[in-house]
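Some notes on the structure that comes next.
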Amino acid sequence: MTSKKRRQRGSRTHGGGTHKNRRGAGHRGGRGRAGRSKHEFHNYEPKGKHGFKRPQDIREEVLEIDVKKLDEDAILYAAEGLAEETGDGYEIDARDVVEDGHEADVVKVLGSGQVRNSLSVTADAFTDAAREKLESAGGEAVLTERSVEDEAEARADADGEQDEE
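Residue numbers (numbering that gives the first Met the number 0): 0 to 164.
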């Protein structure tokens, strides 16, 4: 018999305090991480929100559309008055097609899918793949006045001017 076990002989609770203490997890405050927001360790584990959220005023909402959808639905867009049929293809303003009554900061054309028709698409931003597919099918990618690329260049120019000072 080990010395501790031998020592406990004759003791009613064997070092467990009063008789009601060793009755499962209740005396310990639950199992695992139960009650972590209320029990005795409240000083050690931070509670509440963590992380970072960008401020609403600088957050931009970006709506996206694939060239595949523009190509497949060009006839429908022309019938609905959202696109103009030209001699060799269609002229589509991506903002008219995508927004559907929902105002967005940026409308971006993505390059998923194939383009079979000649499309002249106007949008705020294009991926490289989208621009390449539109131009290889005989169409063009037209940036709006307020394009994402222009803003990026303006920001880069502004940063360059600050560095020089």
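Note that beta-carbon positions come from the ideal geometry of N, C-alpha and C, so glycine has one too.
Which of helix, strand or coil DSSP assigns to residue i
i: residue 111; result: coil
i: residue 95; result: helix
i: residue 128; result: helix
i: residue 28; result: coil
i: residue 59; result: coil
i: residue 102; result: coil
i: residue 87; result: coil
Residues near residue i in its chain [Cβ-Cβ closer than 6 Å; skip 5 each side]
i: residue 65; result: 109, 111 and 112
i: residue 107; result: 61, 63 and 124
First and last residue of the uninterrupted alpha helix (DSSP H) at residue i
i: residue 74; result: 73 to 79
i: residue 3; result: 2 to 7
Segment limits, beta strand (DSSP E) that includes residue i
i: residue 117; result: 117 to 122
i: residue 84; result: 82 to 84
i: residue 144; result: Residue 144 -> no beta strand (DSSP E), and no H or E assigned at all.
Residue of the options minimising C-alpha distance to residue i
i: residue 89; options: 6, 103 and 115; result: 115
i: residue 68; options: 91, 57, 13 and 56; result: 91
i: residue 58; options: 135, 104 and 47; result: 104
i: residue 97; options: 31, 122, 77 and 137; result: 122
i: residue 169; options: 118, 142 and 71; result: The displayed coordinates of the chain run from 0 to 164. Any statement about residue 169 would go beyond what the structure contains.
i: residue 134; options: 143, 120 and 144; result: 120
Beta-carbon contacts of residue i that lie in its chain and below 8 Å, excluding the five residues immediately before and after
i: residue 131; result: 110
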